[in-house]
Amino acid sequence: MVHQECINCKTQYSIDEIVYFCPKCGEILEVKIDMKELAETLKTSDWKTKPLSVWRYRDFMPIHEATRVVTLNEGGTGLHRSKRLGDELGLNEVYVKNEGENPTGSFKDRGMTVGVTKAVELGARHVICASTGNTSAALAAYAARAGIKCTVLIPSGKIAYGKLAQAMIHGAKVLQVRGNFDQALEFVLKLAEKHKNIYLLNSINPFRIEGQKSLGYEICEQLNNEAPDRIIIPVGNAGNISAVWKGLTEFYQLGYIKKLPKMTGIQASGSAPIVQAIKTKSDKIIPVEHPETVATAIRIGAPVSWKKAINAIRESHGTAETVTDDEILDAQKMLARIEGIFVEPASASSIAGLKKLVRNGIIDRDERVVCITTGHGLKDPDTAIKQCEKPVEVDAEISTIEQALGLETRKVILAR
Ligand code: F0G
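In our numbering, the protein residues as written are 97 to 512.
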C-alpha cells in the first residue's frame, strides 16, 4: 500500500487525502511505498521497455492506475560526460545531468507532471504556488495542459525574466509580492489552508517530490545501474535534494544499485542555512532573514524541507558547501564555454561547488561525480549578458566587418 506519512510522528494519511502538514505535530509529509509490493509489481511490469522519462517509472508513482497523466514529456534529460570540465578541475570522471532539457527548462517539470496529475485526480480546479521563478513557470504550463486555473506568488523584482514570461504566457494569475520568497510561501500556505478548493503545489507537496525522485533513478540507469560516488546539487527550498535521495534509496532497496552516493548540497553564501547547520552539526537551521544572491532561484532563507535535506546529506555521508556569487558566475561561464552547456546561475552553483570542494581536498580526483544543473541558461538572459563582452556594432559593409575580425581587407574579385 502507498500512503502519506509524517516525517516526524509517522502518522499515516491516505494518498487520496488533501493534507500538507501533519495535523498532529505540524511536520511535513512524505509518500511511503511498500517496497515489497512494488518489487512484486515490477516483476510483471514492462517498465524497462519504456523510454527514459518520468513516466517510465509510473509503477513507482502514487497515482491510481485509471488516472490519465498530465504530461509534456518530462525527464529523460542528458547525463553528459564532461571531459573538459574534468580536465580543468583535475578530475577523472565528471558528468553533468542537465535538467534544463526539460519541457519548461527546469527539473520542476518532473514534480509538476506528477503534482498536477494528482491535483486533477483529486478533483482540484485551481492550483497555487509561491516561487522564485521556475516552479511558477512549470506549474503555469502544467495547469494550462490540464485546463485548470493557476495562481502564482513571486517575490517582486527578484525573478529572472524568462521565468516571468513563462508564467504569464501560460495564463497564470501572477501576483508579485513586495517581499521575499519565504514570505510569499507563508501566504500561499495560509491561502491553501483557508480556501480548501485551492490545491497547493509547492515542494512541501509530497507528490511533487515523487516526480522529482525520478532524477535519482535516471542517473543510476544512465550509468548502467550504478550510482556515482557523489551527486552535487544546488539547494534552495531543499525539496530536490530530498527527492533525489528518496529515488536513490528506493533503487537501493530494490537492489538495482549496490551502493549509495554522497549527497552534496550547495547553497549561495548569502542564503545558506542548511550549509550552516551541516557545518555546525546542528539539528536545526537558523533561517536567514534577508537572503541575497545573484542566483535568484535559490534566494531562500527558510527552506521548508530542511529536515529531509539534512537527513539526506548526513545519511549519505555527504556534505554541504557555500559558493559566492562570483564563483557562481565564473562557473556558469566556464560550463558554457568548455562544455557547451548553458545553465542559469543557481544551476551553476553545483559546478562552483565541485570546484571549491576539489580545491579544498574534499573531493578526490578518482571520484565519479555527477553535478545536477537544475535550470536552463535562457531563463535568465540578463545575468548572462551582463557578464560577457558586448557585441561589436559594425556598419553593414564587408570591409568594416573584416576589420572588426582582424582579417585582411584586400579586394578579391570573385569568379562567377
Ligand atoms: N535550481 C533552480 C534552477 C531552482 O529553480 C531551484 C528552486 C533550485 C535549484 C533549488 O531546488 O528548492 O528543491 O532545493 N526553485 C524554486 C522555485 C524554489 O520556486 O522555482 P529546491
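Backbone N, C-alpha and C define an ideal beta-carbon position, used for all residues, glycine too.
{"Query": "Is the beta carbon of Pro383 less than 7 Å from the beta carbon of Gly361?", "Result": "no"}
{"Query": "Do you know offhand how far Lys144's Cα is from Val284's?", "Result": "39 Å"}
{"Query": "Less than 6 Å separating the Cβ of Asn333 from some heavy atom of the ligand F0G?", "Result": "yes"}
{"Query": "By the DSSP assignment, the beta strand (DSSP E) with Cys105 in it spans what residues?", "Result": "First-last for Cys105: undefined, no H or E at that position."}
{"Query": "Give every residue of the same chain whose Cβ lies closer than 7 Å to the Cβ of Thr200, excluding the five residues on either side of it in the sequence, and list them in chain order.", "Result": "Ala233, Ala234, Ala237, Gln262"}
{"Query": "Determine the DSSP secondary structure at Ser310, reduced to helix, strand or coil.", "Result": "helix"}
{"Query": "By the DSSP assignment, the alpha helix (DSSP H) with Leu296 in it spans what residues?", "Result": "Here Leu296 belongs to no alpha helix (DSSP H); instead the beta strand (DSSP E) covers 294-296."}
{"Query": "With respect to the alpha helix (DSSP H) encompassing Asn276, which residues constitute its N-terminal and C-terminal limits?", "Result": "Unbroken run through Asn276: none, as it is neither H nor E."}
{"Query": "Would you call the CB atoms of Gly471 and Phe438 closer than 7 Å?", "Result": "no"}
{"Query": "Name the residue from Ala226, Thr137, Ile434, Ile458 whose alpha carbon lies nearest to the alpha carbon of Lys269.", "Result": "Ala226"}
{"Query": "Checking 7 Å against the spacing of the C-beta atoms, do Arg206 and Gly174 come in under that value?", "Result": "no"}
{"Query": "Please return the same chain residues whose Cβ sits closer than 7 Å to the Cβ of Ser252, not counting the five positions on each side in sequence.", "Result": "Gln272, Val273, Arg274"}
{"Query": "Since Ile362 is in the beta strand (DSSP E), which residue starts that stretch and which ends it?", "Result": "358-364"}
{"Query": "Does the Cβ of Gly471 lie closer than 6 Å to at least one heavy atom of the ligand F0G?", "Result": "yes"}
{"Query": "What are the boundary residues of the beta strand (DSSP E) that includes Thr469?", "Result": "464-469"}
{"Query": "Output needed for Leu148: all residues of its chain with C-beta closer than 8 Å, excluding positions within five of it in sequence on either side, in chain order.", "Result": "Gly171, Gly172, Glu314, Glu317, Gln318"}
{"Query": "What residue ranges within the region 412-440 form continuous alpha helix (DSSP H) runs of no fewer than 4 residues, ordered along the chain?", "Result": "421-435"}
{"Query": "With a threshold of 7 Å between beta carbons, is Arg455 in contact with chain C?", "Result": "The chain labelled as chain C is not found in the depicted structure, where only one protein chain is given."}
{"Query": "Throw me the rounded Cβ distance for the Lys404 and Ser445 pair, which I believe falls under 8 Å.", "Result": "That belief does not hold up - the Cβ atoms of Lys404 and Ser445 are roughly 19 Å apart, past 8 Å."}
{"Query": "Give a yes or no on whether the C-beta atoms belonging to Pro399 and Ala334 are separated by under 7 Å.", "Result": "yes"}
{"Query": "Looking only at its own chain, which residues have a Cβ that is under 6 Å from the Cβ of Ala448, when we skip the five neighbours before and after it?", "Result": "Val419, Glu423, Ile424, Ala427"}
{"Query": "Enumerate in chain order the residues of its own chain whose CB-to-CB distance from Thr137 is below 8 Å, with the five nearest sequence positions on each side excluded.", "Result": "Asp155"}
{"Query": "In three-state terms, what does DSSP make of Ile244?", "Result": "coil"}
{"Query": "In whole angstroms, give me the CA-to-CA distance for Gly502 and Ala391.", "Result": "37 Å"}
{"Query": "Tell me where the beta strand (DSSP E) around Glu126 begins and ends.", "Result": "125-128"}
{"Query": "Given 6 Å as the limit, tell me if Asn194 has its C-beta closer than that to any heavy atom belonging to the ligand F0G.", "Result": "no"}
{"Query": "Can Ile481 be considered in contact with the ligand F0G, in the sense that its beta carbon sits closer than 6 Å to one or more heavy atoms?", "Result": "no"}
{"Query": "For the ligand F0G, is there a heavy atom less than 6 Å away from the beta-carbon of Asn336?", "Result": "yes"}
{"Query": "When the Cα atoms are used, what is the spatial distance from Thr167 to Lys132?", "Result": "28 Å"}
{"Query": "Hey, is Thr228 close to the ligand F0G, as in C-beta under 6 Å from one of its heavy atoms?", "Result": "yes"}
{"Query": "Count the other C-beta atoms from every protein chain shown that fall within 10 angstroms of the C-beta of Gly312, then say buried if there are 16 or more, exposed otherwise.", "Result": "buried"}
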